[in-house]
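K.L.:
In full-length UniProt numbering, the protein residues as written are 1 to 230.
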């Protein structure tokens, strides 16, 4: 299975690291593409899709390195997904050029309650006009808020404030607050509401497979135990 933008970003981040990145479970032998334990590798199951919508992941420093990251799942399913590392003072020139495209409508995916007064806030993706380019700030909730506040190049774009009604299925990290969802869950909901139904279904299915495979490598995880006895 070929690489994607997140994997390339991960390779760049590893190349400039001055010491090993030790994520949780760093002693586990992992597939270096899907970052799951080798015995639970999902690479052979990937089924990339086409979609009208496009995604641009802006990732906090170590996010591409984390096995629990779900932004990578978007790039697995939608191969034209873009991914860039975030910098407050030196934003990537390629990223700035990518979001200024005339072919797509850039939308910053973030809760509308954080938008400044007067900024355009959408609650559903546009179904007409230019296809959406969903800019997703990928990191912990604290990191995402920092990126949103300290990225002036984002200020010119409308905010896409999505209300996901279903409870999150993401149990690989602790959520900052009730009702929060991981990057892949939000992306799947965006795709569905934007009319990319097949891509949404493929991403949701890939997320569920990833979630189960990840938890299968953590037999003492409470959620894994609950599911095993149901």
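Each residue gets a CB set at the ideal place from its N, CA and C atoms; glycine is no exception.
If you pair each beta-carbon of the region 115 to 131 with each one of the region 66 to 75, do three or more pairs fall below 8 Å?
P.N.:
no
K.L.:
Buried or exposed for residue 163, please, with buried defined as at least 16 other CB atoms from any protein chain shown within 10 angstroms of its CB.
P.N.:
On the chain shown, position 163 is the one that residue 163 refers to. Exposed is the call here.
K.L.:
Quick test of your reading: residue 10 and residue 64, contact by CB under 8 Å. State the CB separation rounded to the nearest angstrom.
P.N.:
Reading the chain shown from its first residue, position 10 is the one you call residue 10. Reading the chain shown from its first residue, position 64 is the one you call residue 64. Sure, about 4 Å apart at Cβ, within 8 Å.
K.L.:
Using DSSP with H/G/I as helix, E/B as strand and the rest coil, what is residue 85?
P.N.:
Locating residue 85 in the chain shown gives position 85, counting from the first residue. Three-state result, residue 85: strand.
K.L.:
Tell me the residue span of the alpha helix (DSSP H) that contains residue 93.
P.N.:
Here residue 93 corresponds to residue number 93 of the chain shown, with the count starting at 1. Residue 93 -> alpha helix (DSSP H) spans 93 to 98.
K.L.:
Contact between the region 137 to 154 and the region 47 to 63 is defined here as three or more beta-carbon pairs at a separation below 8 Å; is this criterion met?
P.N.:
Taking 8 Å as the limit for Cβ pairs, the verdict is that the region 47 to 63 does touch the region 137 to 154.
K.L.:
Using three-state DSSP, classify residue 30 as helix, strand or coil.
P.N.:
Within the chain shown, the letter at position 30 stands for residue 30. Residue 30 falls in the strand class under three-state DSSP.
K.L.:
Where residue 79 and residue 33 are concerned, what is the direct C-alpha to C-alpha distance, given to the nearest angstrom?
P.N.:
Along the chain shown, one-based indexing puts residue 79 at 79. Along the chain shown, one-based indexing puts residue 33 at 33. Approximately 14 Å, taken between the alpha carbons.
K.L.:
Provide the residue span of the alpha helix (DSSP H) that contains residue 210, from first to last.
P.N.:
Residue mapping note: residue 210 aligns to position 210 of the chain shown, counting from 1. Counting along the chain, the alpha helix (DSSP H) containing residue 210 begins and ends at 197 to 216.
K.L.:
Under 6 Å Cβ to Cβ from residue 151, same chain only, skipping five residues before and after it: list those, please.
P.N.:
The sequence position of residue 151 within the chain shown is 151, counting from 1. Within the same chain, residue 151 has no close Cβ partners at all.
K.L.:
Anyone know if the C-beta pair for residue 46 and residue 217 falls short of 8 Å?
P.N.:
Start at 1 with the first residue of the chain shown, and residue 46 comes out as number 46. Start at 1 with the first residue of the chain shown, and residue 217 comes out as number 217. A distance of 8 Å or more separates the beta carbons of residue 46 and residue 217.
K.L.:
Provide the residue span of the beta strand (DSSP E) that contains residue 57, from first to last.
P.N.:
Against the chain shown, residue 57 aligns to sequence position 57. 54 to 59 is the extent of the beta strand (DSSP E) around residue 57.
K.L.:
Can you list, in chain order, the residues of its chain with a C-beta nearer than 6 Å to that of residue 200? Leave out the 5 residues immediately preceding and following it.
P.N.:
Reading the chain shown from its first residue, position 200 is the one you call residue 200. Answer for residue 200: 188, 191, 192, listed in chain order.
K.L.:
Leaving aside the five residues before and after residue 195 along the sequence, list all residues of the same chain whose C-beta is less than 7 Å from its C-beta, in chain order.
P.N.:
Position 195 of the chain shown holds residue 195. Excluding sequence neighbours, residue 195 sits near 52, 127.
K.L.:
In the DSSP assignment, find the alpha helix (DSSP H) that holds residue 12 and state where it starts and stops.
P.N.:
Taking the chain shown and counting its residues from 1, the one referred to as residue 12 is at position 12. Residues 5 to 15.
K.L.:
Counting C-beta neighbours from all protein chains within 10 Å, is the total for residue 153 16 or more, i.e. buried, or is it exposed?
P.N.:
By one-based count along the chain shown, residue 153 stands at place 153. Looking at its Cβ environment, which holds fewer than 16 other Cβ atoms inside 10 Å, residue 153 is exposed.
K.L.:
For residue 93 and residue 15, what's the separation of their Cα atoms in angstroms?
P.N.:
Within the chain shown, numbered from 1, the residue matching residue 93 stands at position 93. Within the chain shown, numbered from 1, the residue matching residue 15 stands at position 15. Going from the Cα of residue 93 to the Cα of residue 15 covers about 20 Å.
K.L.:
If residue 159 sits next to residue 108, beta carbons under 8 Å apart, how far is it from one beta carbon to the other, in whole angstroms?
P.N.:
Counting from 1 along the chain shown, the entry for residue 159 is found at position 159. Counting from 1 along the chain shown, the entry for residue 108 is found at position 108. So it is a contact: roughly 5 Å between Cβ atoms.
K.L.:
If you follow the alpha helix (DSSP H) that residue 190 is part of, which residue opens it and which one closes it?
P.N.:
As a position in the chain shown, residue 190 is number 190, starting the count at 1. Counting along the chain, the alpha helix (DSSP H) containing residue 190 begins and ends at 183 to 193.
K.L.:
Output needed for residue 138: all residues of its chain with C-beta closer than 6 Å, excluding positions within five of it in sequence on either side, in chain order.
P.N.:
Taking the chain shown and counting its residues from 1, one reaches residue 138 at position 138. 57, 59, 63, 71, 183.
K.L.:
From what residue to what residue does the alpha helix (DSSP H) around residue 148 run?
P.N.:
By 1-based counting over the chain shown, the position of residue 148 is 148. Run containing residue 148: 141 to 149, per the alpha helix (DSSP H) assignment.
K.L.:
So for residue 116, helix, strand or coil by DSSP?
P.N.:
Numbered from 1 along the chain shown, position 116 holds the residue referred to as residue 116. The three-state secondary structure of residue 116, taken from DSSP, is coil.
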